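K.L.:
Numbered per this note's numbering, the sequence shown finishes at 987, counting up by one with no gaps.
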Amino acid sequence: MKKLYLLLFFLCISTLKAQEYFPTDKGVKTTENKMVAFTNATIFVTPEKVIKKGTLLIKNDKVIAVGKTVKIPSGTEIVDVSGKNIYPSFIDIYSDFGIKKPKRISSGYGGTQYAAERDGYYWNDHIRPETNPIDEFEFDTKKAKHFIDAGFGVVNTHLHDGIIRGNGLLIALNTNTNNSYRVLDDMSAQYLSFSKSFKSKQLYPGSRMGAMALLRQVYYDADWYAKGNMKNKDLALEALNKKKNLVHIFETDNNLDALRADKVGDEFDIQYTLVGSGEEYERINDIKATNATFIIPINFQVAYDVSNPLLAKHITLRDMRKWNQEPSNLHVLSKNGVSFALTTYRLKSISDFHKNLQKAIEYGFDKKQALAALTTIPANIIENTSIGNLNAGSYANFIITSGDVFDKKNTIHENWVQGSKNVINSMTIADISGKYELAVNDNVYTLTISGKGKNQKGSVQSNNKKIKSKFSFNDDWITMTFNDKGNFTRILGKITKNSTTLQGNAFDSLGNKSTWTATKLEDKKESKKKDNKSDNSPVTVLPVTYPNVGFGNYNLPKTQIFLIKNTTVWTSEADGILENTDVLLKDGKIAEIGKNLSNRRATVIDGTGKHLTAGIVDEHTHIGASAINEWAQNSSAEVSIEDVVDPNDINIYRNLSGGTTSAQILHGSANPIGGRSAIIKLKWGENAENMIYNNSPKFIKFALGENVKQSRSPNGVRFPQTRMGVEQVFVDYFTRAAAYDALRKSGKPYRKDIEMEVLAEILNKERFISCHSYVQSEINMLMKVAEKFNFTVNTFTHILEGYKVADKMAAHGVGGSTFSDWWAYKYEVNDAIPFNAAIMHNAGVTVAINSDDREMSRRLNQEAAKTVKYGGMSEEEAWKMVTINPAKLLHIDDKVGSIKVGKDADVVLWSHHPMSIYAKVEKTIIEGKVFFDRAEDIKKRQAIKEEKSKLINMMLQEKLGGGKTQVPVKRGDRNFHCDTLEELKS
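1. Take residue 686 and list the residues in its own chain whose beta-carbon comes closer than 8 Å to its own, dropping the five residues that flank it on each side.
2. Can you grab the Cα-Cα spacing for the pair residue 981 / residue 151, in whole Å?
3. Apply the 10 Å Cβ neighbour rule to residue 620 and answer buried if 16 or more other Cβ atoms are within range, or exposed otherwise.
4. Does the distance from the C-beta atom of residue 161 to that of residue 102 stay below 8 Å?
5. Going by DSSP in three states, residue 351 sits in which element: helix, strand or coil?
6. Apply the 10 Å Cβ neighbour rule to residue 194 and answer buried if 16 or more other Cβ atoms are within range, or exposed otherwise.
7. Out of 806, 793 and 605, which has the shortest C-alpha to C-alpha gap to residue 781?
8. From 373, 448 and 124, pick the residue whose C-alpha is nearest to that of residue 482; which is it?
9. If contact is defined by three or more beta carbon pairs under 8 Å, each pair taking one atom from either stretch, is the stretch 283-301 in contact with the stretch 341-352?
10. Cβ atoms of residue 637 and residue 383: under 8 Å apart, would you say?
11. Short of 8 Å in beta carbon distance, which residues of its chain neighbour residue 764, apart from the five on each side in sequence? Order them along the chain.
12. With distances taken between CB atoms, is the gap from residue 590 to residue 898 smaller than 8 Å?
13. Taking the beta carbon of residue 79 as the centre, do at least 16 other beta carbons fall within 10 Å, making it buried, or is it exposed?
14. I'd like to check one pair, residue 822 with residue 835: are the Cβ atoms closer than 8 Å?
15. Looking at the unbroken beta strand (DSSP E) that takes in residue 462, where does it start and where does it end?
16. Roughly how many whole angstroms lie between the Cα atoms of residue 673 and residue 225?
17. Helix, strand or coil: how does DSSP classify residue 220 here?
18. Does DSSP put residue 294 in a helix, in a strand, or in coil?
19. Specify the secondary structure class of residue 45 as computed by DSSP and reduced to three states.
20. For residue 691, which residues in the same chain have their Cβ closer than 7 Å to its Cβ, ignoring the five residues on either side in sequence?
21. Tell me the DSSP secondary structure of residue 677 in three-state form.
22. Inspect the CB distances between the stretch 842-861 and the stretch 877-889 and report whether three or more fall short of 8 Å.
23. Beta-carbon separation of residue 603 and residue 646 under 8 Å?
24. Can you tell me whether residue 540 is buried or exposed, with buried defined as 16 or more other CB within 10 angstroms of its CB?
25. In three-state terms, what does DSSP make of residue 531?
26. Using a 10 Å radius around the Cβ and a threshold of 16 neighbouring Cβ atoms, would you call residue 303 buried or exposed?
27. Using a Cβ-Cβ cut-off of 8 Å (strictly less than) and excluding sequence neighbours within five positions of residue 929, which residues of its own chain qualify?
28. Measure the CB-CB distance between residue 204 and residue 633 and report whether it falls below 8 Å.
29. Measure from the alpha carbon of residue 405 to the alpha carbon of each residue in 44, 309 and 105, then state which is nearest.
30. Assign residue 523 to one of three DSSP states: helix, strand, or coil.
31. Just curious, the alpha helix (DSSP H) that residue 231 is in, first and last residue?
32. Can you check whether the CB of residue 451 is closer than 8 Å to the CB of residue 434?
33. Taking the alpha carbon of residue 972 as the reference point, which residue from 146, 313, 191 and 97 has its own alpha carbon closest?
34. Is residue 939 helix, strand or coil when you go by DSSP?
35. Which two residues bound the contiguous alpha helix (DSSP H) that contains residue 181?
36. Should residue 175 and residue 166 be called a contact, given that it needs their Cβ atoms to be closer than 8 Å?
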């Protein structure tokens, strides 16, 4: 065991009962060495090792021996537990037991805080590895009882605050001692999350991608510090380095965050133990690929109250499915070989733990795996062999149960923690629960006894009407008084164990004495189960789709060979538009273009009267991401949208229905130097990693104008506040980046700075800038800054005053990605005109039409058509503005953007001329896989309707059966733009 930090206020010794070196005036000081032997029990030493009719011998706080033939020393107290089971007490591996979470600091009138407040620590206040919760730990006796009653003997707790949170404490739930014995380990693990500390108002990071970037920089800085290269003392980095060999437990809120955390860990050769969300079943292959051990909460949601159809229609299919599918999560994890422990974390009440676990078992979760997830696996996570098992030498932490600990009818009788006995339901109290026929004074009643142990309660009915009664059960004696139509009857009797009949004496209102009997009736529910085998059939779990939302795929699309015959082909190449032409798609590529093509293995698609184009490329979008802005600094070059790609966004599917196959998800425009881009293919159903282009060109978002100088922000105090200041930000950062790059290339030691690394890539022409821009003066300014530092701006996006500087743009070599006819939505776009795209094109600028909007991106075909009206563009050149031109701007034109042999088979089949308002996408194909099919889409709509109806019926049945329900929730559809600061958490 690691050395205890607790030496500040106590010393650890080996015996449990007394700190014998402390002086005492309370009596003699003879140490008690108590031994207890539990005999004739079924003992679960571990989930794999079970001893029937065995003996467990304990001495003080430890197990001395366990087996079938244990020699019991004289003087040992012997407890015969025939018919009972003994299990290791459970371990809750993730808790906040005994540690209060700090209250969030109010912003008050102190203004916006950008810098850290703590001297001598890391530059970001949300990095707190030095935190040791022993300073704030207070044993919570009341909460400990709830844990003990549920079978837990040990909790692993920490302060739930910050991104790096410090170490944890391993606590024995021993209510009969003090912290000098309860604290089994004061360095149980290191804890992390993506959530900021409540103790600081520091704004950065303001997003998941910011938190990921911060973690990366912390690890680089910790290594730099460990090598003695930092001039200053940093207590946070010192603590992080000291604790680097501890287990790292990372809390996540959803599947995507689990994969994101694992990604960061892998980059630094750290295998996090991940606190999951309960949604792992949705992406089980990705979860398995992390090779992580998980800690899984079982806070299953209750059914929605769908009795009001008008409210029920607002519940998303994903939310409905979650209620149905979530209880299968443990079974799915186990079946796929994912190691995990269970936790009570996120449960409103610990008393719900067994109920939810029993539900998971009904859904197929194996009981042996359940026991391991509560004993040996959590012990292995924190590398402690003295808990979670009943081997000799382990702590005497065990529970005594009436039977199978996971059975609904089981009773936990006792929970021993460190050899200290906790009686939950006395083994000497008989279980008389059930329904009885009560005969007394020539009348017959129904007596129902419910509950366990001393808490058993009784009620009386006559002809299905409840009669007022008072029932008690103590020391095997039943006493009850009830009032039937004004006639009082008092009964009492001593029960006989294992008897199905209760009896005793009765006294009527006049005091006349008689006898009563109560004969136990067979449980109708149990009888029905025996008679009706169908009741034993598995519960209905609806299948998962990818993604697990409406319009998801039950099976991911596979690459096929397609021969599209006799269609009009818009090549977006020098060949122009080809009539009555065939196109063969094979092995994910465009294999042949011509007439009268054939391939016996191909699926033939009749393209007569239809049009085939390359997939639309959207140079500027904000769909498919969980966050858009890391807004808390004037430069966020260190962050990447690739870290927060969200494959669950329904807008991906909707964009496919409009013919879009590739897109650049840009960082927002909250700061002059934004984050790095993600260039994706809209592979609906694939995970985030598979959507991102292989060897993707490197892009970054810059921004000019009102957004970055916080013109509409009431609390904006961050530099810059003027357009002049924006220029100085660029000059300052590139000057620093040039110096950084020179040092890096010199071969001398240097502190790795992610932000400077990215900016140096721009100077070295390895990364391209897409710049949010409106006003001609600023457009000129950035080109001059770029020329000063000897690089070229790649793209001005929006560029609504591009027509004013088109000649200078062409001379500089920058492209323009603009709107067709959006203007006047803020002051700096008042000079926008719909002829902008055509004027820039005619000046020799490569021009694209982008969306910057989840809806417009579904109709980019029509946006391209507007350039024909405004500026007289030819149809071919107009169509290139949403295909090959944006592909050129993104440096992916060697793969996509046109129909050319050898390029990726990313094509769209249209019902009409692609720029017609009547045109509909019939098929969207990416790399030879069909990701949108209009005929299948119609089937999916009907399937969604039927599935929702099925789930609604199941929820109604749940409510009518007495199950808990929750109020329907309407989730707003995400609508991210350049200035969106919010992020999607799940």
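Note that the Cβ used here is the ideal one computed from N, Cα and C, for glycine as well. Note that this is a predicted model, so its numbers are computed, not measured.
P.N.:
So, from the listed chains and residues:
1. The beta carbon of residue 686 sits closer than 8 Å to the beta carbons of 546, 547, 548, 553, 554, 557, 558, 648 and 932 from its chain, once the five residues preceding and following it are set aside; these are given in chain order.
2. Residue 981 and residue 151 have their C-alpha atoms some 45 Å from each other.
3. Buried.
4. Residue 161 places its beta carbon less than 8 Å from that of residue 102.
5. When secondary structure is reduced to three states using DSSP, residue 351 falls in the helix class.
6. Label assigned to residue 194: buried.
7. Out of 806, 793 and 605, 806 has the C-alpha closest to the C-alpha of residue 781.
8. If we check each option's Cα against that of residue 482, 448 comes out closest.
9. Yes, they touch.
10. Cβ distance not < 8 Å, so residue 383 and residue 637 don't count as in contact.
11. Within the same chain, Cβ atoms closer than 8 Å to the Cβ of residue 764 are found at 735, 738, 739, 742, 790, 791 and 792, the five residues on either side in sequence being excluded.
12. One thing to note: residue 590 has its Cβ no nearer than 8 Å to the Cβ of residue 898.
13. The residue in question, residue 79, is exposed, as its Cβ has fewer than 16 Cβ neighbours within 10 Å.
14. Going by C-beta atoms, residue 835 is nearer than 8 Å to residue 822.
15. 458-463 is the span of the beta strand (DSSP E), which, as asked, contains residue 462.
16. In this model, residue 673 and residue 225 are separated by some 29 Å (Cα to Cα).
17. When DSSP states are grouped into helix, strand and coil, residue 220 belongs to the helix group.
18. Here residue 294 sits in coil by DSSP.
19. Three-state DSSP puts residue 45 in a strand.
20. Excluding sequence neighbours, residue 691 sits near 684.
21. Strand, per DSSP.
22. Yes, the stretch 842-861 is in contact with the stretch 877-889.
23. Not a contact, by the Cβ cut-off of 8 Å.
24. Residue 540 comes out exposed.
25. With a pLDDT of only 44 at residue 531, under the threshold of 50, the placement of this residue in the model should not be trusted; the figure read from the coordinates follows. If DSSP states are grouped into helix, strand and coil, residue 531 belongs with the helices.
26. With fewer than 16 other Cβ atoms within 10 Å, it is exposed.
27. Only 560, 561, 562, 563, 586, 587, 588, 589, 590 and 906 meet the Cβ criterion.
28. Residue 633 is positioned such that its CB atom lies closer than 8 Å to that of residue 204.
29. When only C-alpha atoms are compared, the closest one is 44.
30. It is coil, neither helix nor strand.
31. No alpha helix (DSSP H) holds residue 231; DSSP gives it neither H nor E.
32. For residue 434 and residue 451, yes; Cβs fall inside 8 Å.
33. Of the listed residues, the one whose Cα sits closest to residue 972 is 313.
34. In this structure, residue 939 counts as helix in the three-state DSSP scheme.
35. Residues 180-183.
36. Taking the C-beta atoms as reference points, residue 166 is found no nearer than 8 Å to residue 175.
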